[in-house]
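Novice: Protein chains in written order, with this note's numbering: chain A, 44 to 417; chain B, 44 to 417; chain C, 44 to 417; chain D, 44 to 417.
Dropping a structure here in structure tokens format, bear with me for questions.
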């Protein structure tokens, strides 16, 4: 009811604030027998970690997870898993500004309106800090879908400001392309088009110097997803993935396949005709093109799932903005603290985690109803 | 789990197929004491009804609802409400084509992959026919939010193909503008910009003649929504509205406020500064501009909620398309039956219904946690 | 939230009142491919039907179900199933008495307190009339568990007033023993001990003549349930079966195996030691005795599940009882209408239905998490 | 789905094992503005704590809770609350016995059957150790109902073995009577009848000397509960309280008011007639007697809620019992470790917690649907 849980068969519940003791997630419904260590969790946590590159906030968090429950002798037991990630770099500082003033683009005002009270330190529960445990849960979800059907989720940055990456086949992008540039250095902006990546880095550094921020688009692709996942009529796979992505801070739009471009097209252009391929296990039904983004009737079609999320520019700006105080009296604010000038590079592992969680959830739900599945 | 329910405090569960006996909805959690008659339901049902204009399918359904439960002496009792809408115009005809072949852009293949069996008559449960009971439930949701906080949800067609309506202030659009043209005739395309409306009608008639279809965008606006609705962190209002709209057939994208345009902007452009207005009950906090679309941190801000849904061109085309049979062997199909060449005009009341249901649900959830609310 | 749904993977949602148009159930999550006809539903509906014998209310309902959705060509499709059972014998009569007065032992007062309004005709939603669609759903659940693991649920009357049946091995009782006496006549009280059955019939007829009613106990047994169903820690199988039975009108107590008798015992007496039996598929682990009632740690042990429900005497009495009016002023009431002098005989199929629904639900949930199950 | 959450509007999710790092609970939906400190949690945790008296296990746990989230400046914020209680006295010892053998009366076998793997240390997730965080959550629930309607939940031991306490008016029992004997010493058995308490202590000490254990009954009473809580038809208050209590280890039966005794009675004896009392705020409707246990139609009647739970004798016995090994081969086991010879004294705060959680949940649910409530 109060919204701090997500998923049904693979269900996560979270708690935690930006500057409280830490963030915790309980993962319920994970199949037993899956190998899991804290090291497994660390890889994606490091991809999300603040301080990882010059493009992101310099808040210093090691984001070391503690496995509190649900894992024994290195494997999941089938009972609920709990992971705690403590906050360590809660700078002792003066919050008087955001205690009494509402930061434009933030949830300060809406939390006060909702609860009459709020933990104003660093945005409290509305801070993107809470996503740290989503990423940990996402690692487990990725293991579930990899084991169940070889499923794989990979995200990257498609657009920053007016710089748009050239990606001919989203399903072909590899983790290596996302994380590493052709010259072997870290791809700190996580854009698989090296030329665009360089321009994005430049743009982000420019906006930071200008005490500003910039928006963008992340594209996330799930491959090897079998046809048949997703539930009619309300829990369509596209509905649940969209909910998952819109549950993330700063997401302003979500689209699949053609997305908003479909509005301009004729049906004869938009439809993906069917054909089949002969394989060792029989004929596989596929579509020519993937305008539909991997789901039809809200159920996976066997084609790659391709989704894009529009992420707004960071709202926290180190420049003066017009605002009001709690009592409505006029004021202005310059947000201090350490912030990403562009959210996209760190959004990638978070978006991946949410998509993986939806796929794990829908796989278990589907397996429950159908049976006879591995 | 199996996805035929939506909402929590105001919860709907549905069943029904395109060519079965009918569609039924159970609405659970509706407050007691709300006046409700079948006539109340009919207005929006008529806005969604096939056969209402020359632009839409000529399937002849009166869509007369029967109130089976939950209403006594003309008011809701607080117990579960059930509404049945029978199918009456299930044309007795030959379904051999869609029984054995998969229609491009449809859920025929994915349902078979999911269940191993499907009701192929008219698309079965995947048909947009199922939305008829969502509209009925939406009428009740509209009553709930009107009574609780004077909330009002109105949708319209913003784009068809390349024709884009001019709408300066979404929150100012009236039902009258959506339903009636300045000359007093019916606004059959439901676009509040009369000039664009005329072009849209022309375009839709053209594509029909070409045995084709066309996509578009619907914009839906909720006004008088108080600040404070929506739940952190997964059940953000924007997450649940997006899920609601993506649960509708043919929706390929959803965006709020600036939407995907935010990717191109700087934070200093995108942020909506706060100011306040002195009113009889004290200062009201508002934003200059509504780039954020009425929600911050996923919680309503008190500004109008503005959401757009991209709707793909109707997949059913009365022209030959490449496809396969169930066994994967190549084939082709020309969809017969009665179809809308553009889904947008009838999408409007359906989209409104889903947004209203989310708002009613979140209001009751919020009232439960906070208390002291009317 | 508002309580008109039950179960998760196999989920039923219901609506309907005693004297409204009818009762409807939506069953969500039923596996596809299960043969289902209205005739299948009728058998248990007839076992629950009013008017079936001289022991029960003479309200005349045929209880003919209509399958509105989810079944095509005689088999379930995997989409939501809807069943409607219309009320036909709603006697047109004067409800002034129960409109203004509260019947002792009934929900008249509590519904008014809850909702401020109620459908007073025949008890409205609080009438046991609503269980008619539970029985229909239970038939489908019985099919699910029979197909999945050969599961079988059978109930009977164990006690009426001071008459207690002798049942040495609950797991050995057959449907035939419950429905038919050794002489071939109908076992109208549904007690498998013929001697006790005769005494129960006599007792029930006596209390009816005395314008009174009498309570009793029903025992329900589930056999061939594999070890492993039930979820830690809150959704223990014993917790969900208890909730299912306590959700029925008039149930005042539920116990498993030893039940309340365990309070008097030592651990050395109460524990069931383990042993194993060699079978064709390996050793089967069993317990000596079944004090534990078929569940340990809330998870099925592979032994028969044995549960008892205490059912209070019918509250509606055709004799004067002290009560109050809505405004609290003193009054008295003699309940008219047609009532069972003892609820137990018709309770049997209703209790069975609820236990079967829980088992179907938990089987699908378990299969989802574990996989590799038929 | 996987059962580690309970409640809807006031919802708890838990994780943790007997001998893992600790137990954690996330409480979602708690109203904002409630004062809460770790000291508040400690009182009931101490009532449940091992080692508190000579009657209970001597495992040494301080059960010190850490508030990880959801509380700021000493009050709840309305966002999810997380509480961690670490295990400190996990004796390093040899678990070979319970690793390979199934303890009679325990969940060792059923967990293996369910998951194929289990954390065998001290029973893992099936240990009553998991209830420690339920008690912490229960403290918060008690605060919610006290603030909302002055609600109060108190439990005590009604029976141990054949010793049954005399309790004339359950609603009159005070916490002081439960915790302290007339002579000022601790009432270590938590029975409010001092004479019975003395006999219970003696009996428990006797069975411990005999290397045995003994069962009993706890009675829990909720007072000042307004009429109107509980939802038709599946989420009746009696159904949810029963589920809550049956979700606790060792509970074999639950009954309300007359309970199983109702089977012996006539309706004319069992019904509670209504009368009314004139108070300052108008007439209050009450019943003569409380055979119904405070709920009618599953909805609270305004009378005290009285529920009893039968708790089996501790299954762990320090004496040889017949059992099998994992492979089914015959064996025997003598449970070592530190165990309570009677579970009842420590059951009291646990049972109270579960009843309080159900009442808090149903109050918030009711308030959401009805509105206008404090």
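A virtual CB, placed ideally from N, CA and C, is assigned to each residue, including glycine.
Counting only beta-carbon atoms, is residue 234(C) nearer than 8 Å to chain D?
Specialist: Here residue 234(C) refers to the residue found at position 191 of the third chain. By this cut-off, residue 234(C) is not an interface position.
Novice: Can you find at least 3 beta carbon pairs, one from the region 80-97 of chain A and one from the region 302-312 of chain B, that sit closer than 8 Å?
Specialist: As far as the Cβ criterion goes, the region 80-97 of chain A does not touch the region 302-312 of chain B, which means the pair count is below three.
Novice: Compare the Cα-Cα distances from residue 319(A) to each of 317(B), 290(B) and 368(B) and report the closest residue.
Specialist: Counted from its first residue, the first chain places residue 319(A) at position 276. Selected option, being the one with the closest Cα: 368(B).
Novice: Taking the Cβ atom as the reference point for each residue, do residue 228(C) and residue 347(C) lie within a distance shorter than 8 Å?
Specialist: The count along the third chain starts at 1 and reaches residue 228(C) at position 185. The count along the third chain starts at 1 and reaches residue 347(C) at position 304. Not in contact: residue 228(C) and residue 347(C) (Cβ atoms no closer than 8 Å).
Novice: Indicate whether residue 195(A) and residue 280(A) have their beta-carbon atoms separated by less than 8 Å.
Specialist: The count along the first chain starts at 1 and reaches residue 195(A) at position 152. The count along the first chain starts at 1 and reaches residue 280(A) at position 237. No. Outside cutoff.
Novice: Could you give the C-beta distance for residue 391(D) and residue 92(D), rounded to a whole number, given that I count them as a contact under 8 Å?
Specialist: Along the fourth chain, read from residue 1 onward, the residue named residue 391(D) stands at position 348. Along the fourth chain, read from residue 1 onward, the residue named residue 92(D) stands at position 49. Not a contact, Cβ separation roughly 12 Å.
Novice: Among 144(B), 306(B) and 294(B), which one has its Cα closest to the Cα of residue 294(A)?
Specialist: Stepping through the first chain from its first residue, residue 294(A) is reached at position 251. Nearest C-alpha to residue 294(A): 306(B).
Novice: For residue 64(B), which residues in chain C fall below 8 Å Cβ to Cβ?
Specialist: For the purposes of this step, residue 64(B) is identified with residue 21 of the second chain, where counting begins at 1. What residue 64(B) touches in chain C: 109, 110, 111 and 112.
Novice: Below 8 Å between beta carbons is the criterion; list the residues of the region 363-391 of chain D that meet it against any residue of chain C, in chain order.
Specialist: Those residues of the region 363-391 of chain D that come within reach of chain C (Cβ to Cβ, closer than 8 Å) are 364, 365, 366, 367, 370, 371, 372 and 373.
Novice: Threshold first: 3 residues or longer. Then list the beta strand (DSSP E) segments lying entirely within the region 285-366 of chain B, N to C.
Specialist: 294-299, 317-322, 325-330 and 348-354, all fully within the region 285-366 of chain B.
Novice: What does residue 59(C) pair with, by DSSP beta-bridge criteria?
Specialist: On the third chain, residue 59(C) is found 16 positions in, with the first residue counted as 1. BP columns for residue 59(C) point to 66(C).
Novice: Of the residues that make up the region 260-272 of chain B, which ones have a beta carbon closer than 9 Å to any beta carbon in chain A?
Specialist: Flagged, chain order: 260, 269, 270, 271 and 272.
Novice: Just the C-alpha distance for residue 271(D) and residue 342(D), rounded to the nearest angstrom, thanks.
Specialist: By one-based count along the fourth chain, residue 271(D) stands at place 228. By one-based count along the fourth chain, residue 342(D) stands at place 299. Looking at the two C-alpha atoms, the distance is approximately 6 Å.
Novice: Determine contact between the region 356-364 of chain C and the region 244-261 of chain C, defined as no fewer than three beta-carbon pairs at a distance below 8 Å.
Specialist: The region 356-364 of chain C, when compared against the region 244-261 of chain C, does touch it at the 8 Å Cβ threshold.
Novice: List the endpoints of the continuous alpha helix (DSSP H) containing residue 156(B).
Specialist: Taking the second chain and counting its residues from 1, the one referred to as residue 156(B) is at position 113. From DSSP, the alpha helix (DSSP H) with residue 156(B) extends over 151-158.
Novice: How would you label residue 363(B), buried or exposed, when you count the other beta carbons within 10 angstroms and need 16 or more for buried?
Specialist: If you number the second chain from 1, residue 363(B) lands on position 320. The residue in question, residue 363(B), is exposed, as its Cβ has fewer than 16 Cβ neighbours within 10 Å.
Novice: Tell me whether residue 403(C) is buried or exposed, calling it buried when 16 or more other Cβ atoms sit within 10 Å of its Cβ.
Specialist: In the third chain, residue 403(C) corresponds to position 360, counting from 1. Its Cβ being crowded by 16 or more others within 10 Å, residue 403(C) is buried.
Novice: Near residue 99(A), what residues of its chain come up, given a Cβ to Cβ distance below 7 Å and the 5 sequence neighbours on each side ignored?
Specialist: Looking up residue 99(A) in the first chain gives position 56. Here the set comprises 93, 383, 388 and 389.
Novice: Going along the chain, which residues of the region 273-304 of chain A sit with their C-beta nearer than 7 Å to a C-beta in chain C?
Specialist: Against chain C - using a Cβ distance shorter than 7 Å - the residues of the region 273-304 of chain A are 275.
Novice: Under 8 Å between the Cβ atoms of residue 178(A) and residue 125(A)?
Specialist: To locate residue 178(A), count along the first chain from 1; it is residue 135. To locate residue 125(A), count along the first chain from 1; it is residue 82. Going by C-beta atoms, residue 178(A) is not nearer than 8 Å to residue 125(A).
Novice: Between 371(A), 321(A) and 127(A), which lies nearest to residue 324(B) when the distance is taken from Cα to Cα?
Specialist: As a first step, residue 324(B) is located in the second chain; it is residue number 281 there, counting from the start. Considering only alpha carbons, the answer is 371(A).
Novice: If residue 74(D) sits next to residue 187(D), beta carbons under 8 Å apart, how far is it from one beta carbon to the other, in whole angstroms?
Specialist: In the fourth chain, residue 74(D) corresponds to position 31, counting from 1. In the fourth chain, residue 187(D) corresponds to position 144, counting from 1. The pair is a contact, with the Cβ atoms about 6 Å apart (cut-off 8 Å).
Novice: At 9 Å on the CB atoms, spell out the chain A contacts of residue 160(D), in chain order.
Specialist: For the purposes of this step, residue 160(D) is identified with residue 117 of the fourth chain, where counting begins at 1. Those are 75, 76, 115, 116, 118, 119, 120 and 121, listed as they occur along chain A.
Novice: Going by C-alpha distance, which of 302(C), 284(C), 143(C) and 373(C) is nearest residue 330(D)?
Specialist: Here residue 330(D) is taken as the residue at index 287 of the fourth chain, counted from 1. Comparing Cα-Cα distances from residue 330(D) to each of 302(C), 284(C), 143(C) and 373(C), the minimum goes to 373(C).
Novice: Which residue from 238(B), 232(B) and 237(B) puts its Cα closest to that of residue 247(B)?
Specialist: Taking the second chain and counting its residues from 1, one reaches residue 247(B) at position 204. Of the candidates 238(B), 232(B) and 237(B), the one whose C-alpha sits nearest the C-alpha of residue 247(B) is 232(B).
Novice: For residue 221(D), collect the residues of the same chain with a Cβ closer than 6 Å to its Cβ; drop the 5 residues on either side in sequence, then sort them by chain order.
Specialist: Along the fourth chain, one-based indexing puts residue 221(D) at 178. Taken in chain order, the residues that qualify are 199, 233 and 235.
Novice: Can you tell me whether residue 302(C) is buried or exposed, with buried defined as 16 or more other CB within 10 angstroms of its CB?
Specialist: For the purposes of this step, residue 302(C) is taken as residue 259 along the third chain, with counting starting at 1. When all chains shown are included, residue 302(C) counts as buried.
Novice: At which residues does the beta strand (DSSP E) containing residue 373(D) begin and terminate?
Specialist: Counted from its first residue, the fourth chain places residue 373(D) at position 330. Where residue 373(D) is concerned, the enclosing beta strand (DSSP E) stretches over 373-377.
Novice: Strictly under 8 Å for the Cβ-Cβ distance: is residue 157(C) near chain B by that measure?
Specialist: To locate residue 157(C), count along the third chain from 1; it is residue 114. Output row for residue 157(C): interface = yes.
Novice: I need the straight-line Cα distance from residue 97(C) to residue 385(C), nearest angstrom please.
Specialist: Taking the third chain and counting its residues from 1, one reaches residue 97(C) at position 54. Taking the third chain and counting its residues from 1, one reaches residue 385(C) at position 342. Answer to the nearest angstrom: the Cα atoms are 11 Å apart.
Novice: Just grab the DSSP bridge partners of residue 127(B) for me.
Specialist: Sequence index remark: in the second chain, residue 127(B) carries index 84 (1-based). DSSP lists 67(B) and 109(B) as partners of residue 127(B).
Novice: Which residue wins for smallest C-alpha separation from residue 181(A), given the options 351(A), 264(A), 87(A) and 71(A)?
Specialist: The residue given as residue 181(A) occupies position 138 in the first chain. Among 351(A), 264(A), 87(A) and 71(A), the Cα nearest to that of residue 181(A) is on 87(A).
Novice: What in chain C is Cβ-close to residue 339(D), meaning under 8 Å?
Specialist: The residue given as residue 339(D) occupies position 296 in the fourth chain. Within chain C, the residues near residue 339(D) are 148, 149, 150, 152 and 153.
Novice: Give the secondary structure of residue 405(A) by DSSP, where H, G and I count as helix, E and B as strand, and everything else as coil.
Specialist: Position 362 of the first chain, counting from 1, holds the residue named residue 405(A). Helix, per DSSP.
Novice: Going by CA-CA distance only, name the one from 339(D), 212(D) and 111(D) that's closest to residue 145(C).
Specialist: Taking the third chain and counting its residues from 1, one reaches residue 145(C) at position 102. For the residues 339(D), 212(D) and 111(D), the minimum Cα distance to residue 145(C) belongs to 339(D).
Novice: Between which two residues does the alpha helix (DSSP H) containing residue 240(B) stretch?
Specialist: As a first step, residue 240(B) is located in the second chain; it is residue number 197 there, counting from the start. Here the alpha helix (DSSP H) through residue 240(B) covers 237-252.
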